[in-house]
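Numbering (this note's numbering), first residue to last: 21 to 380. Cβ coordinates follow ideal geometry from the N, Cα and C atoms, glycine included.
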């Protein structure tokens with residue numbers, strides 16, 4: 021089950037084809053041609069027959085956006101998520117069902133998530149009486165993420181509903197992108213408390229909801245599944261750059277994302293971290309810029325968040341620092357870039373690659 025990475029600097033991660041479970045039928049029901057859309061991104065319907073087949077994560081992001089655009093269905097990802105259940109997670113579902121509480125099941129899901137999707141990061145944060153489940157996608161410069169993120173959050177919501185109970189509702193569901201033209205489908209899916217233009221993507225739950233004791237039904241099957249997953253986890257190739265990207269995403273908003281801080285979290289010294297990244301032909305500053313570019317594009321293109329708030333998410337202590345960094349990487353101010361995006365949306369969509377090439 022160890023994903024093979026392809027593409028420049030390891031950005032071409034592979035994920036289970038189960039991520040597109042129901043895609044063909046849904047596109048067809050909306051009057052689209054699923055085979056044609058899959059071919060445009062280098063996939064075929066045959067690859068989706070076995071849910072364990074590994075396919076490029078970037079292709080999945082593209083084909084979800086294509087489906088939403090060609091069918092004119094803005095809530096395409098939510099319609100796909102509505103077809104999901106715990107069983108779509110494969111062997112992991114056996115382990116999750118046997119955990120004593122929903123919170124323990126979530127912790128287990130986070131442990132094995134890289135076996136399902138190497139580009140998705142799920143973090144659980146305790147905030148008093150709340151639990152925040154944050155979803156992040158590792159950077160893929162130039163690719164839109166709206167549909168992929170709504171699918172990820174939608175599937176998490178479906179998983180939580182099975183773990184907690186059918187009447188459960190989150191306290192809040194958050195998305196970083198702007199609201200759709202019509203929010204009705206989002207409210208039908210998640211409930212009333214869906215908000216957009218937020219600092220993170222994810223679900224906010226009541227801590228007490230995740231502590232209910234659950235009954236177990238097949239502990240023997242869960243034990244065998246866990247042994248299989250642990251073995252797969254040991255075989256899983258996890259590059260130093262991928263781990264660094266995950267930590268950068270987590271540390272940036274707090275303004276404490278330095279090579280020293282990342283090395284400390286990895287329990288190595290900075291020289292060791294530098295050596296591991298050098299073996300992949302990378303430096304820490306390159307990774308930091310790569311992640312910052314992706315986050316900047318995601319918020320400046322997909323939301324109406326004020327520049328000062330975007331600056332904080334990128335780890336800058338003041339908007340002036342962000343403005344200087346942006347001009348150095350893109351050759352223009354944020355306001356100028358946004359005007360270009362409005363006038364020429366297609367070229368601006370390729371901004372991240374251009375920015376990284378322009379980097380001094």
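Item to complete: Apply the 10 Å Cβ neighbour rule to residue 431 and answer buried if 16 or more other Cβ atoms are within range, or exposed otherwise.
Response: Coverage of the chain is limited to positions 21 through 380, which leaves residue 431 absent and any answer about it impossible.
Discussion item. Cutting at 6 angstroms between CB atoms, please list the residues of its own chain near residue 253, excluding the five before and the five after it.
Written reply: The beta carbon of residue 253 sits closer than 6 angstroms to no other beta carbon from its chain once the five residues preceding and following it are set aside.
Worksheet entry | Cβ pair residue 141, residue 153 closer than 8 angstroms | Here residue 141 is not near residue 153, since their CB atoms are 8 angstroms or more apart.
Worksheet item: From residue 193 to residue 223, what distance separates their C-alpha atoms?
Response: The straight-line gap separating the alpha-carbon atoms of residue 193 and residue 223 is approximately 5 angstroms.
Fill in: Cut-off 7 angstroms between Cβ atoms - residues of its own chain near residue 281, not counting five sequence neighbours on either side
Within the same chain, residue 281 has close Cβ partners 271.
Fill in: Residues of its chain near residue 55, where Cβ-Cβ distance is below 7 angstroms and the 5 sequence neighbours each way are ignored
The beta carbon of residue 55 is closer than 7 angstroms to those of 65 in its chain, skipping five residues each way along the sequence.
Practice prompt. Can you give me the start and stop residues for the beta strand (DSSP E) that residue 54 sits inside?
Written response: For residue 54, there is no enclosing beta strand (DSSP E); the residue is found in the alpha helix (DSSP H) stretching over 54–60.
Discussion item. For the pair the stretch 226–234 and the stretch 184–193, tell me if three or more CB-CB distances fall below 8 angstroms.
Written reply: Segments in contact, yes.
Discussion item. Please classify residue 266 as buried or exposed, where buried requires at least 16 other C-beta atoms within 10 Å of its C-beta.
Written reply: Counting Cβ neighbours within 10 Å, residue 266 comes out buried, since at least 16 surround it.
Worksheet item: On the premise that residue 244 lies in contact with residue 279, defined as a C-beta separation below 8 angstroms, what is that separation, rounded to the nearest angstrom?
Response: About 42 angstroms separates the two Cβ atoms, so there is no contact after all.
Item to complete: Report the partner residues of residue 155 according to the DSSP bridge assignment.
Response: Its beta-bridge partners are 142 and 221.
Worksheet item: To which residues of the same chain is residue 201 closer than 7 angstroms at the C-beta, ignoring the five residues directly before and after it?
Response: For residue 201, where only same-chain residues beyond five positions count, the Cβ hits under 7 angstroms are 94.
Discussion item. Spatial neighbours of residue 38 within its chain, please: C-beta separation below 6 angstroms, excluding the five flanking residues on both sides.
Written reply: Around residue 38: 71 and 108.
Worksheet item: What is the C-beta distance between residue 344 and residue 330, in whole angstroms, given that I count them as a contact (C-beta under 8 angstroms)?
Response: About 14 angstroms separates the CB atoms of residue 344 and residue 330; that is not less than 8 angstroms, and the two are not in contact.
Discussion item. If I follow the unbroken alpha helix (DSSP H) through residue 136, where does it start and stop?
Written reply: That residue, residue 136, is in no alpha helix (DSSP H); it is neither H nor E in DSSP.
Practice prompt. State the start and end residues of the unbroken alpha helix (DSSP H) segment that holds residue 339.
Written response: Bounds of the alpha helix (DSSP H) holding residue 339 are 339–350.
Discussion item. Considering just the uninterrupted stretch of the alpha helix (DSSP H) at residue 277, what are its terminal residues?
Written reply: No alpha helix (DSSP H) holds residue 277; DSSP gives it neither H nor E.
Worksheet entry | At least three beta-carbon pairs within less than 8 angstroms, the stretch 41–54 to the stretch 102–118 | Contact between the stretch 41–54 and the stretch 102–118 is present: three or more C-beta pairs spanning the two stretches fall below 8 angstroms.
Worksheet item: What is the DSSP secondary structure of residue 288, counted as helix, strand or coil?
Response: Here residue 288 sits in coil by DSSP.
Worksheet item: Just reading off the alpha helix (DSSP H) that residue 47 is part of, what are its end residues?
Response: Note, residue 47: alpha helix (DSSP H), 43–49.
Worksheet entry | Length of the line joining the Cα atoms of residue 136 and residue 36 | Rounded to whole angstroms, the gap between the alpha carbons of residue 136 and residue 36 is 6 angstroms.
Worksheet item: What number of angstroms, rounded off, separates the C-alpha of residue 372 from the C-alpha of residue 147?
Response: Because the pLDDT of residue 372 is 44, which lies under 50, any placement of that residue in the model is unreliable, and the number read from its coordinates should be weighed accordingly. Going from the Cα of residue 372 to the Cα of residue 147 covers about 34 angstroms.
Worksheet item: If you draw a straight line from the alpha carbon of residue 124 to that of residue 190, how long is it in whole angstroms?
Response: Distance between the alpha carbons of residue 124 and residue 190: 17 angstroms.
Worksheet entry | Cβ-based neighbour list, residue 380, same chain, cut-off 6 angstroms, excluding 5 preceding and 5 following | Only weak support is given to the placement of residue 380: the predicted model assigns it a pLDDT of 39, under 50, and the question is left unresolved by the model.
Worksheet item: For residue 78, does the three-state DSSP call read helix, strand or coil?
Response: Three-state result, residue 78: helix.
Worksheet entry | Of the listed residues 324, 261 and 335, nearest to residue 306 (C-alpha basis) | Among 324, 261 and 335, the Cα nearest to that of residue 306 belongs to 261.
Item to complete: May I have a chain-ordered list of the alpha helix (DSSP H) segments no shorter than 4 residues that lie completely inside the stretch 288–340?
Response: The DSSP assignment places complete alpha helix (DSSP H) segments of no fewer than 4 residues inside the stretch 288–340 at 290–299, 304–322 and 327–333, in order along the chain.
Item to complete: Using beta-carbon positions only, say whether residue 129 and residue 116 come within less than 8 angstroms of one another.
Response: The answer is yes: Cβ separation under 8 angstroms.
Worksheet entry | Range covered by the beta strand (DSSP E) that runs through residue 36 | From DSSP, the beta strand (DSSP E) with residue 36 extends over 34–36.
Item to complete: Determine, using beta carbons only, whether residue 196 and residue 323 come nearer to each other than 8 angstroms.
Response: The Cβ atoms of residue 196 and residue 323 sit closer than 8 angstroms to each other.
Worksheet item: Cβ of residue 286 within 8 angstroms of Cβ of residue 293?
Response: Closer than 8 angstroms, so yes.
Worksheet entry | Alpha-carbon to alpha-carbon, residue 259 and residue 159 | The straight-line gap from Cα to Cα measures roughly 15 angstroms.
Worksheet item: For residue 85, which option in 59, 311, 167 and 48 has the closest C-alpha, if you only look at C-alpha atoms?
Response: It is 167 whose Cα lies nearest to the Cα of residue 85.
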